[in-house]
Amino acid sequence: MATTRAPLVLAVVGRREAGKTRVIESLVRAFKARGLRVATAKHVPEEEFSLDKPGKDSWRHAEAGADAVTIVAPREVSTIRRLRGRGLTFEDVLAMASEGCDVLLLEGFKSMVGSRPDVPKVAVVKRPEEAKDIEAEGRLRPILAFVGPGKAEGLGAPYFSFSELGELAEFILERFKPGEKPSVLLFFNAKQVPMNDFVRKVLRSLILAFMSCLKGVEVRGDERIVVSVEGD
15 MATTRAPLVL AVVGRREAGK TRVIESLVRA FKARGLRVAT AKHVPEEEFS
65 LDKPGKDSWR HAEAGADAVT IVAPREVSTI RRLRGRGLTF EDVLAMASEG
115 CDVLLLEGFK SMVGSRPDVP KVAVVKRPEE AKDIEAEGRL RPILAFVGPG
165 KAEGLGAPYF SFSELGELAE FILERFKPGE KPSVLLFFNA KQVPMNDFVR
215 KVLRSLILAF MSCLKGVEVR GDERIVVSVE GD
């Protein structure tokens, strides 16, 4: 049974050529230097984009109707799934991209994650004034930080220049502490239920408060508590 917290999912969003990939590269290097397992996912909006090439063996497999084609090479493994008219949900993306990682960095996906409270955003801007416009519009929530040229003040989230990407990585690591063993784990039918830090703290407080009311129980705060519910 797994004992790790759900991965931190962080979206890096912004306009084309704003510098999103540059931010992703810097964060990946910083997180890997800390020993974290990092996965990334890139959104490509072009309808005709394909990783496969017409005429290749893998392409012929898919053309014949294969739902998934896995290509195995000495140094890489890639699986291509043709959607065949079915769009992906955000949960689909998470299931495919986040397995076995401590951090999942998303480049783009603004339409999917725009106001999802469980996905903090790093908004990359081309000019400092754009950060204020984004906050005023309120379409991206929650915004963890801004990245852009120069300096910006009076924002609800910290603003990092492109020369301060190392500081951005430290800010994220201190805020979320990805990869650390969580203090509370919740399983339902043997499957771990993801929880953010707020929910985890509330659940921990409730359980310890309940336990402290039981006769013969002295709560110290470092207990290992297992609750199993079966039948009626």
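The opening position of the sequence shown corresponds to residue 15 in the numbering used here, with each subsequent residue numbered one higher.
Note that the Cβ used here is the ideal one computed from N, Cα and C, for glycine as well.
Note that the structure is predicted; figures quoted are calculated from it, not measured.
Closest in C-alpha terms to Ala82, from the list Ile94, Gly180, Trp73, Arg29, comes Ile94.
Within the stretch 201-235, the runs of alpha helix (DSSP H) that reach at least 4 residues and sit entirely inside it are, in chain order, 211-226. Under the 8 angstroms Cβ criterion, the stretch 74-91 does not count as touching the stretch 99-114, having fewer than three qualifying pairs.
A straight line joining the alpha-carbon of Ser129 with that of Ile157 spans about 9 angstroms. Taking a C-beta distance under 9 angstroms as the contact criterion, Glu121 and Lys34 qualify as a contact pair.
Among the bridge pairs identified by DSSP, Ala82 is matched with Arg95. Within the stretch 163-200, the complete alpha helix (DSSP H) runs of at least 4 residues fall at 179-190. Spatial neighbours of Leu169 in its own chain (CB-CB distance under 8 angstroms, excluding positions within 5 residues in sequence) are listed in chain order as Ala145, Lys146, Glu149, Phe160.
Between Val139 and Val26, the C-beta spacing is not below 9 angstroms. Separation of the CB atoms of Ala44 and Gly180 is rounded to 6 angstroms, and the pair is thereby assigned contact status at 8 angstroms.
The alpha carbon of Ala109 has as its nearest neighbour, out of Thr54, Glu60, Ala80, Arg153, the alpha carbon of Thr54. Lys205 has its alpha-carbon roughly 23 angstroms from the corresponding atom of Leu119. Annotated as distal: Pro142 and Ala20, with beta-carbon spacing of 9 angstroms or more. Beta-carbon to beta-carbon, Pro192 and Asp71 are separated by about 39 angstroms, too far to satisfy the 8 angstroms threshold.
If you look at Leu41, you'll find it in the alpha helix (DSSP H) that goes 34-47. One thing to note: Arg96 has its Cβ within 9 angstroms of the Cβ of Ala76. Secondary structure note for Ala55: its beta strand (DSSP E) is the uninterrupted segment 52-56. For Lys135, the pairing in a beta bridge is given by DSSP as Ala25, Ile157.
Leu119 has Leu24, Thr54 as its beta-bridge partners, per DSSP. The Cβ-Cβ distance between Val233 and Ser226 falls below 9 angstroms. The beta carbon of Ile85 is closer than 8 angstroms to those of Ser72, Val91, Ser92, Thr93, Ile94 in its chain, skipping five residues each way along the sequence.
Annotation: Leu217 to Ser64 spans about 44 angstroms, alpha carbon to alpha carbon. DSSP places Leu102 outside both helix and strand once states are collapsed to three, so it counts as coil.
If you draw a straight line from the Cα of Arg98 to the Cα of Pro68, it comes to about 16 angstroms. In the three-state reduction of the DSSP assignment, Glu151 falls in the helix class, which pools H, G and I.
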